[in-house]
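**Student:** Sharing a structure here in structure tokens format.
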Ligand SMILES: [Mn+2]
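In this note's numbering, the protein residues as written are 384 to 705.
Below is the structure:
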């Protein structure tokens with residue numbers, strides 16, 4: 384439940400603020416980008432001056448989003464910020480180099496659904512029972528009577544769809560579908576959005592999938608599946624690490640698998656890991672032991688070690704729960 388008290392404070396803070404900044408997180412995903420553009424465009428319709436700040440490159444998948452061109456790297460000379468929004472970001476480090484904006488801002492609003500959220504804002508609307516930050520945001524915007532048009536509704540649809548595995552994850556409720564139905568009421572073209580989101584993978588990316596998946600290693604009678612993406616696979620296929628999106632879910636969807644792991648070799652001694660689980664293993668707990676986190680069924684971490692060692696350590700950690 385969104386607390387009424389939080390909404391009242393947020394509403395008066397929004398009204399009192401002229402200069403509002405909205406920051407993305409590192410490796411931004413559909414929930415992060417969709418949510419931040421949705422609230423930003425809505426605030427502009429309310430006559431506010433909004434700065435959209437990115438902490439990282441935008442994955443090609445999301446370049447079709449309305450308003451995406453508004454996201455810029457931080458302006459070093461940025462004057463004061465009255466109100467800063469961090470969305471879908473569990474802690475200040477997620478904001479990368481833009482973390483300093485927290486201190487530069489008069490007030491920080493933290494809207495998120497990660498259980499691991501550290502409540503770093505002045506206003507914290509952290510609701511892990513929601514499917515996505517996009518869904519929290521939509522209810523919040525409705526309750527505050529913020530402007531919503533077709534583009535804003537489309538952005539919220541993208542946030543919810545991408546963060547729920549196209550409405551298949553545990554966080555999805557009847558209310559999620561009611562919210563989606565309301566989004567249709569603003570005239571969104573869901574088929575077009577879905578085509579843009581899910582049917583435009585580059586051929587090089589498909590080749591990267593094939594390379595990665597063909598090296599899948601199984602442990603614990605096929606209950607743990609590990610796929611590596613190395614720098615050389617990226618070079619050979621002319622792709623980037625962003626193009627690994629979707630690989631770990633493909634591994635997870637194997638019948639025998641309870642825990643699916645993707646290991647991305649960022650460089651020789653830095654590995655980004657993604658973990659997806661089905662019923663037994665708490666992905667957030669496993670990733671916490673590598674200083675990462677997220678959700679119980681989907682989490683990640685960045686580990687300073689070789690890819691071989693990370694694989695061994697991660698499998699060892701998962702086995703404790705199986
Ligand atoms: Mn999310």
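Note that CB positions come from ideal geometry on N, CA and C, so glycine has one too.
Quick caveat: nothing in here was measured; it's all calculated off a predicted structure.
What are the boundary residues of the beta strand (DSSP E) that residue 464 is part of?
**Tutor:** Residue mapping note: residue 464 aligns to position 81 of the chain shown, counting from 1. 464 to 470 is the extent of the beta strand (DSSP E) around residue 464.
**Student:** Between residue 471 and ligand 1, is there a pair consisting of the residue's CB and a ligand heavy atom that are separated by less than 7 Å?
**Tutor:** Numbered from 1 along the chain shown, position 88 holds the residue referred to as residue 471. Yes, Cβ of residue 471 sits closer than 7 Å to a heavy atom of ligand 1.
**Student:** To the nearest angstrom, report how far apart residue 444 and residue 543 are at their CA atoms.
**Tutor:** For the purposes of this step, residue 444 is identified with residue 61 of the chain shown, where counting begins at 1. For the purposes of this step, residue 543 is identified with residue 160 of the chain shown, where counting begins at 1. Cα to Cα, the separation comes out at about 15 Å.
**Student:** Examine the Cβ distances between the stretch 570 to 587 and the stretch 552 to 560 and report whether three or more of them are shorter than 8 Å.
**Tutor:** No, the stretch 570 to 587 does not touch the stretch 552 to 560.
**Student:** If you compare alpha carbons, which of 621, 689, 669 is closest to residue 703?
**Tutor:** On the chain shown, position 320 is the one that residue 703 refers to. The candidate whose alpha carbon is nearest that of residue 703 is 669.
**Student:** How many Å lie between residue 359 and residue 518 at the Cα?
**Tutor:** A query on residue 359 cannot be resolved here, the shown segment of the chain reaching from 384 to 705 and no further.
**Student:** Which partner residues does residue 434 have in the DSSP bridge list?
**Tutor:** Within the chain shown, residue 434 is the residue found at index 51, counting from 1. The partner list for residue 434 (beta bridge, DSSP) reads 404.
**Student:** Out of 478, 414, 471, 433, which one is the CA nearest neighbour of residue 448?
**Tutor:** Locating residue 448 in the chain shown gives position 65, counting from the first residue. When only C-alpha atoms are compared, the closest one is 414.
**Student:** Got a sec, what are the start and stop residues for the alpha helix (DSSP H) residue 617 sits in?
**Tutor:** In the chain shown, the residue the question calls residue 617 occupies position 234. Per DSSP, residue 617 belongs to the alpha helix (DSSP H) from 614 to 620.
**Student:** Candidates 608, 645, 615, 619: which alpha carbon is nearest residue 637's?
**Tutor:** Working through the chain shown from its first residue, we reach residue 637 at position 254. It is 608.
**Student:** With distance defined between alpha-carbon atoms, name the residue in 522, 481, 473 nearest to residue 498.
**Tutor:** Mapped onto the chain shown, residue 498 falls at position 115. Nearest option by C-alpha distance: 473.
**Student:** For residue 563, count neighbouring C-beta atoms within 10 Å of its own C-beta (all shown protein chains included) and say buried if the count is 16 or more, exposed if not.
**Tutor:** The residue given as residue 563 occupies position 180 in the chain shown. Classification of residue 563: buried, given that the 10 Å Cβ count is 16 or more.
**Student:** Name the one or two DSSP bridge partners that residue 506 has.
**Tutor:** Within the chain shown, the letter at position 123 stands for residue 506. Paired residue(s): 492.
**Student:** Between residue 694 and the rest of its own chain, which residues show a CB-CB distance below 8 Å, the 5 nearest in sequence each way excluded?
**Tutor:** What you label residue 694 is simply residue 311 of the chain shown in a count that begins at 1. Excluding residues within five positions, the ones whose Cβ falls inside 8 Å are 600, 609, 611, 644, 646.
**Student:** Please list, in chain order, all residues of the same chain as residue 457 whose beta carbon is under 6 Å from its beta carbon, the five residues on each side excluded.
**Tutor:** Translated into positions along the chain shown, residue 457 becomes position 74. 436, 481, listed in sequence order.
**Student:** Going straight from the alpha carbon of residue 467 to that of residue 392, what length do you get?
**Tutor:** Reading the chain shown from its first residue, position 84 is the one you call residue 467. Reading the chain shown from its first residue, position 9 is the one you call residue 392. So the alpha carbons of these two residues sit roughly 14 Å apart.
**Student:** Which partner residues of residue 602 appear in the DSSP bridge assignment?
**Tutor:** Here residue 602 is taken as the residue at index 219 of the chain shown, counted from 1. Paired residue(s): 607.
**Student:** To the nearest angstrom, how far is the alpha carbon of residue 594 from that of residue 613?
**Tutor:** The sequence position of residue 594 within the chain shown is 211, counting from 1. The sequence position of residue 613 within the chain shown is 230, counting from 1. If I take the Cα positions, the gap works out to 10 Å.
**Student:** Going by the CB atoms, is the gap between residue 675 and residue 681 shorter than 8 Å?
**Tutor:** Against the chain shown, residue 681 aligns to sequence position 298. Against the chain shown, residue 675 aligns to sequence position 292. Against a cut-off of 8 Å, the Cβ pair of residue 675 and residue 681 comes out as no contact.
**Student:** Run through the stretch 509 to 565 for me and flag every whole beta strand (DSSP E) of 3 or more residues, listed as ranges in chain order.
**Tutor:** Those beta strand (DSSP E) runs which fall completely within the stretch 509 to 565 and span 3+ residues do not exist here.
**Student:** Closer than 6 Å by C-beta to residue 625: which residues in its own chain qualify, once you throw out the five before and the five after it? Chain order, please.
**Tutor:** For the purposes of this step, residue 625 is taken as the residue at position 242 of the chain shown. So the list reads 442, once near-sequence residues are dropped.
**Student:** Would residue 641 pass as a contact of residue 655 if the rule is Cβ separation under 8 Å?
**Tutor:** Counting from 1 along the chain shown, the entry for residue 641 is found at position 258. Counting from 1 along the chain shown, the entry for residue 655 is found at position 272. Result no, Cβ atoms of residue 641 and residue 655 do not sit closer than 8 Å.
**Student:** Please tell me whether, using a cut-off of 7 Å, the distance from the CB of residue 414 to the nearest non-hydrogen atom of ligand 1 is below it.
**Tutor:** For this step, residue 414 is matched to residue 31 along the chain shown. Residue 414: yes, Cβ under 7 Å from ligand 1.
**Student:** Which partner residues of residue 644 appear in the DSSP bridge assignment?
**Tutor:** The sequence position of residue 644 within the chain shown is 261, counting from 1. Residue 644 is bridged to 609, 658.
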